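Engineer: I am attaching a structure below and will ask some questions about it afterwards.
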Amino acid sequence: ETMKANKALSALQHKTRMMKALQSSRACMKEDMKERVAVQNKLHDICITMCKELGAFPEKCMCPGYKDTTDKIPGMMTWDELLSYMDDVAEASATAIKGWKSLR
């Protein structure tokens with residue numbers, strides 16, 4: 004009986020140790036993730052600076068999270084820009100016509 008009690012107690016102790024190890028592992032993982040995010044944010048800024056120094060910015064910059072927003076065809080409108088411009092023209096003309104009608 005003593006052997007069975009010892010085995011049961013040993014299994015319980017083992018389970019308790021495993022749970023504590025798992026909890027500390029989760030805490031370590033959270034801390035590790037915070038540190039990784041901080042390092043990645045720091046490296047992101049350094050990456051863009053490095054691309055600028057090497058002349059790869061903005062067209063050839065491969066930094067994570069970087070999106071090139073420069074105008075690829077200066078002096079030319081894209082479809083999105085044209086449609087936005089036409090919406091503005093339509094709105095301005097409607098406002099002008101309302102103004103003209105109110106003068107009668």
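First residue of the sequence shown? That's 4 in the working numbering, and the numbers climb one at a time after it. Cβ atoms here follow ideal geometry from the backbone N, Cα and C, with glycine treated the same way. None of the values given here were measured: they were computed from a predicted structure.
Are the stretch 52-62 and the stretch 71-78 touching, with three or more C-beta to C-beta distances below 8 Å?
Structural biologist: Contact between the stretch 52-62 and the stretch 71-78 is present, because at least three Cβ pairs lie under 8 Å.
Engineer: When the Cα of Cys50 is compared with those of Cys66, Asp35 and Glu38, which residue comes out closest?
Structural biologist: Cys66
Engineer: Using the Cα positions of Gln26 and Lys7, report the straight-line distance between them to the nearest angstrom.
Structural biologist: Rounded to the nearest whole angstrom, the CA to CA distance from Gln26 to Lys7 is 28 Å.
Engineer: Would you kindly check if the distance between the Cβ of Gly78 and the Cβ of His47 is under 9 Å?
Structural biologist: no
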